[in-house]
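Some notes on the structure that comes next.
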Amino acid sequence: MPNKPLSALTLQDRNAEVQIQIHRKWEFRGAVDNGPILHIDMILTDCTGNAIHCQIPSFLAATRGDEFQVGKIYKMTRFSVARAKSTYKPVDGDLMLYVTPYTTLELCHTSQSCFPLYVYHLTSYDKIDPDGSNARNFHDVLGIITEISAIKPVENAHIPSSYNRHVLIKNLSDTF
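If you want it as structure tokens, here you go:
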């Protein structure tokens, strides 16, 4: 079965094979740093420069999480393709992948030179909601950091402890 580009995946794919590099990986523990792992998130890239969000659910985190090593290239099969979450999109795209108990991973010895070094989607300043209330994506911007506030605790009845910091970024037009 030939490798399918990440951009060609569809919700109907059941037996697709992709060759991917683990670009980034992190554990999500909710609003607290020391809580249980709710899921492991990854950014996967392919040789054509595409990127997709992939998640290992909590019930597989302990048994499958260490198999996926950042920087390594794998042939992956038997994963689930789903619609991307509307509330959290670390990369642009309508789809995401889920690791299942049946997902197979085979280490490849392909050169890393064909995989992208960086994954980003630049957003112009005028497209960013200043207060973030309508934010659907994380934003990558180029600019100069002009101010960083001190860390301040945030009070919330639903979150044991949380902190906030404000960062001001100026663009090349000298506007914030």
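In terms of numbering that gives the first Met the number 0, the sequence shown has 61 at position 62, counting the first letter as 1, and numbering is strictly consecutive. Here a beta-carbon is modelled for each residue, glycine too, at the ideal position from N, C-alpha and C.
{"Asked": "Close beta carbons around PHE27, own chain, < 8 Å, minus the five adjacent residues each side", "Found": "ILE36, LEU37, HIS38, ILE39, ASP40"}
{"Asked": "Residues that TYR162 bridges to, as DSSP identifies them", "Found": "PRO152"}
{"Asked": "Inter-residue spacing [alpha-carbon to alpha-carbon] between TYR119 and ALA61", "Found": "29 Å"}
{"Asked": "Residue burial classification, ASN163 (beta-carbon count within 10 angstroms, cutoff 16)", "Found": "exposed"}
{"Asked": "Euclidean distance between Cα positions of THR99 and THR145", "Found": "44 Å"}
{"Asked": "C-beta contact flag for MET95 and ALA83 at 8 Å", "Found": "yes"}
{"Asked": "Integer Cβ distance of ASP45 from LEU5, believed to fall under 8 Å", "Found": "5 Å"}
{"Asked": "Start-to-end residues for the beta strand (DSSP E) that takes in ALA50", "Found": "50 to 56"}
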